[in-house]
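In the numbering used here, each number is its position in the sequence shown, counted from 1, plus 1.
A virtual CB, placed ideally from N, CA and C, is assigned to each residue, including glycine.
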Amino acid sequence: MFPWGHAAVGYLAYTAVRLARDRSIPIAWGPIAALAVGTQFADLVDKPLAWELALLPTGRSLAHTFIVLVPVIGALWAFLPERRRLVGAFAVGWVTHLLADARYPLMDGTLEGAGYLFWPLTALPPYEPSEHGLLEFFLELRFTPEVRFQFGLTALAAAVWLVGRYRSSTGSPRSADS
């Protein structure tokens, strides 16, 4: 999944959690920033360590596993009790990143394709990094159905955020600035 797709999935999931919990649409910058970092975190760790420094076996390994996610989020939750709203937003972003990357193997029932989710307890699936640099990759990007779908998710997430901003400016109780 592309960065904008991860951000959209994370925001929509976080919004669903907030609506279920306190019937509000999240618009505050602190949690949104923590969520945004969480949605990109796994790739920001794994891709450079695997592709540039060759310290990890693939671009989906260390930060793409629940074996690392659970203790890191647990430690943040325990040691930053005054920042739990931010930790929660970051956690939603990170979890949605992992699940969004695993969407096809999980939907197809080919769980070995999502082996990185519990690496090193499970085998890593074959993973081919781009042969091009990052800039070249994006310059050659084609608008495939998958890319269009992710742009659609991004547009939906932006619309939901704008609804929250509008409701907060009109004093509606269905949006919260936290």
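Quiz prompt | Straight-line gap, TYR128 to TYR167 (C-alpha atoms, nearest Å) | solution = Rounded to the nearest angstrom, the two C-alpha atoms are 43 Å apart.
Quiz item: Is it true that the CB of LEU118 sits closer than 8 Å to the CB of THR66?
Solution: Closer than 8 Å, so yes.
Quiz item: Using a threshold of 7 Å, is the CB atom of VAL93 nearer than that to any non-hydrogen atom of the ligand MN?
Solution: Ligands in the displayed structure: none, and consequently the ligand MN is not present.
Quiz item: When you compare each of ALA34, ILE33, PRO32, THR16 to LEU26 by their alpha carbons, which one comes out closest?
Solution: According to the sequence displayed, residue 26 carries Ile and not Leu. Measuring C-alpha to C-alpha distances from ILE26 to each of ALA34, ILE33, PRO32, THR16 identifies THR16 as the nearest.
Quiz item: What is the DSSP secondary structure of ILE26, counted as helix, strand or coil?
Solution: ILE26: strand per DSSP, three-state reduction.
Quiz item: Are the segment 106 to 125 and the segment 53 to 71 touching by the rule of at least three beta carbon pairs closer than 8 Å?
Solution: Counting C-beta pairs with one atom in each stretch, the segment 106 to 125 and the segment 53 to 71 have three or more that are closer than 8 Å, which means they touch.
Quiz item: Quick one: complete alpha helix (DSSP H) runs, 4+ long, within the segment 51 to 126?
Solution: Qualifying alpha helix (DSSP H) stretches, in chain order: 67 to 80, 85 to 102, 104 to 109.
Quiz prompt | Distance between TRP5 and THR145 (C-alpha atoms, nearest Å) | solution = The alpha-carbon atoms of THR145 and TRP5 are separated by roughly 15 Å.
Practice problem: Out of PRO32, HIS7, ALA8, state which residue places its alpha-carbon closest to the alpha-carbon of ARG19. | Solution: The shortest Cα separation from ARG19 among PRO32, HIS7, ALA8 belongs to PRO32.
Exercise. Using three-state DSSP, classify PHE150 as helix, strand or coil.
Key: In the three-state DSSP reduction, PHE150 falls in the helix class (H, G or I).
Exercise. On a CA-only basis, which of PRO72, LEU142, GLY110, LEU56 is nearest ALA92? Give me that one, please.
Key: Closest option to ALA92, judged by alpha-carbon separation, among PRO72, LEU142, GLY110, LEU56: PRO72.
Quiz item: Near PRO106, what residues of its chain come up, given a Cβ to Cβ distance below 8 Å and the 5 sequence neighbours on each side ignored?
Solution: Here the set comprises LEU112, GLU113, GLY114, ALA115, PRO126.
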